[in-house]
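Report on one structure; see the data block that follows.
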Amino acid sequence: MRSTEPPHLATWLIEHTGRDRTSLAGDLLEEYRRGRSTAWYWKQVLTTLARDLSVEALIVVGLIALYRVAMLLTIPGADARTLAAFAEQSTGSTFARYDGLTGGNLSTVTVLALGVVPFVTASIIVQLSALVWWLTRGRRASFWKLPIVTATWVIATALAVMQSAGIAMFLERQNLASGVTFASSPGWGFRLSAMLLITAGSVLLMWIGDRITARKIGNGFFLVFFAAVVAGLLGKTALARESFVLQRVVVSLAIAGIVSSCYRRAFERRLA
Amino acid sequence: MSREGLGNFELMVLLAVLRVGDDAYGVPIARELEETSGREVLLGSVYAALERLEAKKLVKSRIGEPTAERGGRAKKYFQITPRGVAEARATRKILTALWRNVPALQRGSL
Numbered sequence: 062m063r064s065t066e067p068p069h070l071a072t073w074l075i076e077h078t079g080r081d082r083t084s085l086a087g088d089l090l091e092e093y094r095r096g097r098s099t100a101w102y103w104k105q106v107l108t109t110l111a112r113d114l115s116v117e118a119l120i121v122v123g124l125i126a127l128y129r130v131a132m133l134l135t136i137p138g139a140d141a142r143t144l145a146a147f148a149e150q151s152t153g154s155t156f157a158r159y160d161g162l163t164g165g166n167l168s169t170v171t172v173l174a175l176g177v178v179p180f181v182t183a184s185i186i187v188q189l190s191a192l193v194w195w196l197t198r199g200r201r202a203s204f205w206k207l208p209i210v211t212a213t214w215v216i217a218t219a220l221a222v223m224q225s226a227g228i229a230m231f232l233e234r235q236n237l238a239s240g241v242t243f244a245s246s247p248g249w250g251f252r253l254s255a256m257l258l259i260t261a262g263s264v265l266l267m268w269i270g271d272r273i274t275a276r277k278i279g280n281g282f283f284l285v286f287f288a289a290v291v292a293g294l295l296g297k298t299a300l301a302r303e304s305f306v307l308q309r310v311v312v313s314l315a316i317a318g319i320v321s322s323c324y325r326r327a328f329e330r331r332l333a
Numbered sequence: 226m227s228r229e230g231l232g233n234f235e236l237m238v239l240l241a242v243l244r245v246g247d248d249a250y251g252v253p254i255a256r257e258l259e260e261t262s263g264r265e266v267l268l269g270s271v272y273a274a275l276e277r278l279e280a281k282k283l284v285k286s287r288i289g290e291p292t293a294e295r296g297g298r299a300k301k302y303f304q305i306t307p308r309g310v311a312e313a314r315a316t317r318k319i320l321t322a323l324w325r326n327v328p329a330l331q332r333g334s335l
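Those protein sequence lines, which keep their order, are chains A and B. Using our numbering, you'd call the opening residue of the first sequence number 62 and step up by one each time. Using our numbering, you'd call the opening residue of the second sequence number 226 and step up by one each time.
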């Protein structure tokens, strides 16, 4: 006689990848226990995953295209060619690694120069401080009811403003140091337009990620980040030479994706 | 009728929700579709259609109690909204009008 439990791997896949499929998993289990075959169970699980995955894959392709198009939009006043030459020399540096996380948009100083990096930093700051606050206040309020999302957005935007100012000043300083021109017209006009455009680009990416999550397609933030890394891989030969570092980045992103999707599902269960 | 209208499968799922009635969650809806169409139905597709119908506010859902036979997973019950009923009626009117007076669709013809 066959087991009353369907294949564990199939159940795990349907419950722990991508969107919330608790009700669907319950329905499949119910049908299986009423006599559906193991083959039927696998077919249901795999076809569902394939369809959801193809939607996510299309979004990633769209996002990669967005990063590649954004690479043409160098902010006014910055010299993209000098920068490209600088990026070519700095293979293996922190600069090159950071560049990879923005899909190659940092080295060309485009509107997406910061990518989702401010959002990553803000998430870490907010979640850690919320945890500390909650633990020290005797866990009176529900941890999940703290204004985590709002705080993350505010801090991420503030970080984007500060970091874009940092980029603008870095470009101006390079002028003085080596004689080559990164910023053709230094000054507050250049700094402010750089801050405005780069912050706007960063917020746009956060908004896209938020919309993807809101439409229950998958973890939007992860998809936006993942697409940046893939876009960076496709475009940067300088980075491609660093295959060992990249392997680590890709592996840790894959782990982060799985952890974050499980985390999101635990969060939804608590709310239910 | 709403601007985007109803897809073929969406209409089938909407009608199945109506036919099943109070007990409309994934399993009975899929069974109803299988029995009437004679084809195997993918539960994941049924849920995808239900999500789209819910986004169009043609059905609404509520989460039921977790049961042991489902390994502690709650059922998600679906119910048609007044807007959903109106949409189904409008679609039927259009389809019947298109069906009428077409010799090729008459019984006995090729």
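Even glycine gets a Cβ: it sits at the ideal position worked out from N, Cα and C. Note that the structure is a prediction, hence the values are computed from the model and not measured.
{"Check": "In the structure shown, what three-state DSSP assignment does B:Arg287 receive?", "Outcome": "strand"}
{"Check": "Could you have a look at A:Ile136 and say whether DSSP puts it in helix, strand or coil?", "Outcome": "coil"}
{"Check": "From the beta carbon of A:Asp140, is the nearest beta carbon of chain B less than 8 angstroms away?", "Outcome": "no"}
{"Check": "Taking C-beta to C-beta, are B:Glu257 and B:Arg244 nearer than 8 angstroms?", "Outcome": "yes"}
{"Check": "Roughly how many angstroms lie between the CA atoms of A:Thr155 and A:Asp81, to the nearest whole one?", "Outcome": "37 angstroms"}
{"Check": "Cβ atoms of A:Ile136 and A:Thr182: under 8 angstroms apart, would you say?", "Outcome": "no"}
{"Check": "Decide if B:Asn326 is buried, meaning its Cβ has at least 16 other Cβ atoms within 10 Å, or exposed.", "Outcome": "exposed"}
{"Check": "So, do the segment 252–259 of chain A and the segment 213–233 of chain A have three or more beta carbon pairs nearer to each other than 8 angstroms?", "Outcome": "yes"}
{"Check": "Do we get a CB-CB distance below 8 angstroms when we pair A:Ser84 with the residues of chain B?", "Outcome": "yes"}
{"Check": "What first and last residue would you give for the beta strand (DSSP E) that runs through A:Tyr102?", "Outcome": "From DSSP, A:Tyr102 is part of no beta strand (DSSP E) but of the alpha helix (DSSP H) over Thr99 to Ala131."}
{"Check": "So, with DSSP's three-state summary, where would you put A:Thr171?", "Outcome": "strand"}
{"Check": "For a cutoff of 8 angstroms on Cβ pairs, would you count B:Val310 as touching chain A?", "Outcome": "no"}
{"Check": "Which residues does DSSP list as the beta-bridge partners of B:Phe303?", "Outcome": "B:Ser286"}
{"Check": "Output yes or no for whether 8 angstroms exceeds the beta carbon distance between A:Val362 and A:Leu284.", "Outcome": "Any question about residue 362 of chain A goes unanswered here, given that chain A covers just 62 to 333."}
{"Check": "Apply the 10 Å Cβ neighbour rule to B:Ile305 and answer buried if 16 or more other Cβ atoms are within range, or exposed otherwise.", "Outcome": "buried"}
{"Check": "To the nearest whole angstrom, what separates the beta carbons of B:Lys318 and A:Gly87, a pair I think is in contact under 8 angstroms?", "Outcome": "About 37 angstroms separates the two Cβ atoms, so there is no contact after all."}
{"Check": "Hey, A:Glu92 and B:Glu294: beta-carbon distance below 8 angstroms or not?", "Outcome": "no"}
{"Check": "Looking only at its own chain, which residues have a Cβ that is under 7 angstroms from the Cβ of A:Ile273, when we skip the five neighbours before and after it?", "Outcome": "Ile120, Gly279, Gly281 and Leu284"}
{"Check": "Take B:Asp259 as the anchor and find which of B:Ala273, B:Ala322 and B:Phe234 has the nearest alpha-carbon.", "Outcome": "Here residue 259 of chain B is Glu; the residue named in the question, Asp, does not match the sequence. Comparing Cα positions, the closest option is B:Phe234."}
{"Check": "In whole angstroms, what is the alpha-carbon distance linking A:Gln224 and A:Leu173?", "Outcome": "12 angstroms"}
{"Check": "State the beta-bridge partners of A:Ala244 as determined by DSSP.", "Outcome": "A:Ala139"}
{"Check": "Count the other CB atoms, across all protein chains shown, that sit within 10 Å of the CB of A:Pro67; report buried if there are 16 or more and exposed otherwise.", "Outcome": "buried"}
{"Check": "Check whether the Cβ of B:Gly246 lies closer than 8 angstroms to any Cβ atom in chain A.", "Outcome": "no"}
{"Check": "Excluding the five sequence neighbours on either side, which residues of its own chain have a C-beta within less than 6 angstroms of the C-beta of B:Gly269, listed in chain order?", "Outcome": "none"}
{"Check": "So with CB distances below 9 angstroms, who are the chain A contacts of B:Lys300?", "Outcome": "Ser84, Gly87, Asp88 and Glu91"}
{"Check": "Tell me which same chain residues have a C-beta within less than 7 angstroms of the C-beta of A:Ala212, skipping the five on either side of it?", "Outcome": "Val187"}
{"Check": "Could you confirm whether any beta carbon from chain A is found closer than 8 angstroms to the beta carbon of B:Leu239?", "Outcome": "no"}
{"Check": "Could you check which residue in A:Thr65, A:Leu265, A:Trp194 and A:Gln235 has the C-alpha nearest to that of A:Leu207?", "Outcome": "A:Trp194"}
{"Check": "If we count the other Cβ atoms within 10 Å of its Cβ and call it buried at 16 or more, is A:Thr260 buried or exposed?", "Outcome": "buried"}
{"Check": "Note down, in chain order, every chain A residue with its Cβ under 7 angstroms from the Cβ of B:Glu294.", "Outcome": "Glu91 and Arg94"}
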